[in-house]
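A.B. asks: Questions regarding the structure given below will be posed in turn.
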Amino acid sequence: MASKIQSVSAPREPAPVMSTSSTILNMREKEKYIEDFEFPFCDESSKYEKVAKIGQGTFGEVFKARARNSSKKFVAMKKVLMDNEKEGFPITALREIKILQLLKHENVVNLIEICRTKATLHNKYRSTFYLVFDFCEHDLAGLLSNVNVKFSLGEIKRVMQQLLNGLYYIHSNKILHRDMKAANVLITKNGVLKLADFGLARAFSVAKSGQANKYTNRVVTLWYRPPELLLGDRNYGPPVDMWGAGCIMAEMWTRSPIMQGPTEQQQLILISQLCGSCTPDVWPGVESLDLYNKMELPKGQKRKVKVRCRHSVEPRLLLDGPHAVRPGEHARPAHAEHVRVPGAAAPPRPPAPPPPRARGAAQASSAHAGLGLPGPSVLGCDVTVIVIVM
Ligand SMILES: Nc1ncnc2c1ncn2[C@@H]1O[C@H](COP(=O)(O)OP(=O)(O)OP(=O)(O)O)[C@@H](O)[C@H]1O
Ligand SMILES: [Mg+2]
């Protein structure tokens, strides 16, 4: 064996396999070569011990795991789905990793490293790869679906402030998230919000005159998809994420997604019914979008956000205040401003003992203390400084 393998340059790697007839390895030697191969920048996932499965996403499972060298350090391991890959490591996962490596911010989930299982006969010499993240105790969808978790106005403001600061950061770095939804917003036990799931994210550039971008419009989970994408726009930008932020803000009160269309057509109808008709009057240029004449767009619809929120003064102010805008993307803020929200600025309370995990049907008592969000705060006219996004 030794005579067939050349000396290596990298200290931890076995020699490369030679393909000339004199150096061809037999099957067992190849297997041993693969088994012994040590990827220099990709540790084995066995350094973490899986504790529970916490998510089943489109692109793979997510596990809570404990670092074996520290019983207190928890991580989330997102498995890279390789089943349908004939051409090596999936390009979508590569894009997600590249973007996550670029983005380092308090309100963006932190990618610690990529890990892999050892390639063995047992797994047919195919490693499984994991994206390893700092662990966050909650996701916003889980919290909102838990009737025991109550959000005060101050807490809602704090959530939105952090969400918009995260978006401001990623947009400043020329990244679009393209899958804003409550399930992709994580919150730590200390109340720090983290934007997560960059599986659909991409870099964007401002289209130069005469050269429109041609991004896919088949992004963003349907219920959070903005009207321009539903109408076939492929030259879009940060406002697509701002729409999702607006949907999430409304959901902080309604506790479930505000527009749950079963199809793209139905989603457009729901948007028109809530936010008013999509016409060139309120949205100059809408008529030139590819699907403008192909989709049914209800005419004569008035904006009904105020009516929908009439049972609660706060959301009405937040969603339809002086800064409220219209479905047209031009009328949404170009990107999140660096947001300062009076009433949300109080520092988080000292961390309380971790509450029971509040995902899905899990119970959480004393949710306020557990979340570490600021305590109740007053509602004042200051709420209108929030950048309104619908
Ligand atoms: N760092 C983390 N800490 C705790 N939980 C996490 C973390 N990352 C992801 N999760 C959980 O796993 C779920 C799925 O993760 P993620 O959204 O990244 O995967 P996905 O495959 O792209 O999902 P989907 O297609 O459903 O949007 C999240 O909604 C969240 O509940
Ligand atoms: Mg997700």
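All letters in the sequence shown, in the order written, are residues 1 to 390 by the UniProt record's numbering.
Cβ atoms here follow ideal geometry from the backbone N, Cα and C, with glycine treated the same way.
Quantities reported herein were computed from a predicted structural model and do not represent experimental measurements.
Assess, as a yes-or-no matter, whether the stretch 289 to 296 is touched by the stretch 231 to 246 under the definition of 3 or more beta carbon pairs within less than 8 Å.
C.D. replies: yes
A.B. asks: What residue does the beta strand (DSSP E) around TYR130 start on, and which one ends it?
C.D. replies: Locating residue 130 in the sequence shown gives position 130, where the first residue counts as 1. Residues 129 to 134.
A.B. asks: Based on the DSSP secondary-structure assignment, which residues constitute the bridge partners of ASP139?
C.D. replies: The residue given as residue 139 occupies position 139 in the sequence shown. Its beta-bridge partners are LEU186.
A.B. asks: By a C-beta neighbour count over all protein chains shown, 10 Å radius and 16 as the cutoff for buried, is LYS307 buried or exposed?
C.D. replies: Counting from one through the sequence shown, the residue named residue 307 turns up at place 307. Correcting the residue type first, residue 307 is Val in the shown sequence and not Lys. Result: exposed.
A.B. asks: Kindly confirm or deny that the stretch 171 to 181 and the stretch 151 to 159 touch, where touching means at least three C-beta pairs closer than 8 Å.
C.D. replies: Too few Cβ pairs lie closer than 8 Å, so no.
A.B. asks: Tell me, please, which residues DSSP counts as bridged to LYS174.
C.D. replies: Looking up residue 174 in the sequence shown gives position 174. DSSP lists no bridge partner for LYS174.
A.B. asks: Just how far apart, CA to CA, sit PRO356 and GLN162?
C.D. replies: Counting from one through the sequence shown, the residue named residue 356 turns up at place 356. Counting from one through the sequence shown, the residue named residue 162 turns up at place 162. Interpretation of PRO356 is limited by its pLDDT of 38, a score under 50 that renders its predicted location unreliable; no figure is taken from the coordinates.
A.B. asks: Is GLY166 near ligand 1, going by C-beta to nearest heavy atom under 7 Å?
C.D. replies: Working through the sequence shown from its first residue, we reach residue 166 at position 166. Not so, every heavy atom of ligand 1 lies at least 7 Å from the Cβ.
A.B. asks: Mind checking which residues open and close the beta strand (DSSP E) that includes CYS309?
C.D. replies: To locate residue 309, count along the sequence shown from 1; it is residue 309. Per DSSP, CYS309 belongs to no beta strand (DSSP E) and is neither H nor E.
A.B. asks: Considering only heavy atoms of ligand 1, does any lie closer than 7 Å to the CB of VAL108?
C.D. replies: Residue numbering aside, residue 108 sits at position 108 when the sequence shown is read from its first letter. No, Cβ of VAL108 sits at least 7 Å from all heavy atoms of ligand 1.
A.B. asks: Can you pull the DSSP bridge partners for LYS194?
C.D. replies: On the sequence shown, residue 194 is found 194 positions in, with the first residue counted as 1. BP columns for LYS194 point to LEU186.
A.B. asks: Do VAL62 and PRO112 come within 8 Å of each other at the CB atom, strictly closer than that value?
C.D. replies: Start at 1 with the first residue of the sequence shown, and residue 112 comes out as number 112. Start at 1 with the first residue of the sequence shown, and residue 62 comes out as number 62. According to the sequence shown, residue 112 is Ile rather than Pro. Result no, Cβ atoms of ILE112 and VAL62 do not sit closer than 8 Å.
A.B. asks: Going by the beta-carbon positions, is the gap between ALA203 and ILE175 smaller than 8 Å?
C.D. replies: Stepping through the sequence shown from its first residue, residue 203 is reached at position 203. Stepping through the sequence shown from its first residue, residue 175 is reached at position 175. Yes, these two residues count as a Cβ contact at 8 Å.
A.B. asks: Per DSSP, LEU111 is paired with what?
C.D. replies: Taking the sequence shown and counting its residues from 1, one reaches residue 111 at position 111. Residue pairing of LEU111 in beta bridges, as defined by DSSP: PHE133.
A.B. asks: For ILE114 and GLY55, I'd like the C-alpha separation in whole angstroms.
C.D. replies: On the sequence shown, residue 114 is found 114 positions in, with the first residue counted as 1. On the sequence shown, residue 55 is found 55 positions in, with the first residue counted as 1. Cα to Cα, ILE114 sits roughly 18 Å from GLY55.
A.B. asks: Using DSSP with H/G/I as helix, E/B as strand and the rest coil, what is GLY210?
C.D. replies: On the sequence shown, residue 210 is found 210 positions in, with the first residue counted as 1. Note: GLY210 maps to coil in three-state DSSP.
A.B. asks: Check for me: the beta strand (DSSP E) holding LYS64 runs from which residue to which?
C.D. replies: Mapped onto the sequence shown, residue 64 falls at position 64. Residues 60 to 67.
A.B. asks: Check whether the stretch 213 to 230 and the stretch 253 to 272 touch, using three or more Cβ-Cβ pairs below 8 Å as the test.
C.D. replies: Segments in contact, yes.
A.B. asks: Closest to VAL132 by C-alpha separation, out of TYR125, THR117, ARG126, would be which residue?
C.D. replies: Counting from one through the sequence shown, the residue named residue 132 turns up at place 132. Checked all of TYR125, THR117, ARG126; the closest Cα to VAL132 is THR117.
A.B. asks: Could you check whether the Cβ of GLY237 sits closer than 7 Å to any heavy atom belonging to ligand 1?
C.D. replies: Within the sequence shown, the letter at position 237 stands for residue 237. No, the Cβ of GLY237 stays beyond 7 Å of every heavy atom of ligand 1.
A.B. asks: So, helix, strand or coil for GLY55, using DSSP?
C.D. replies: What you label residue 55 is simply residue 55 of the sequence shown in a count that begins at 1. In this structure, GLY55 counts as strand in the three-state DSSP scheme.
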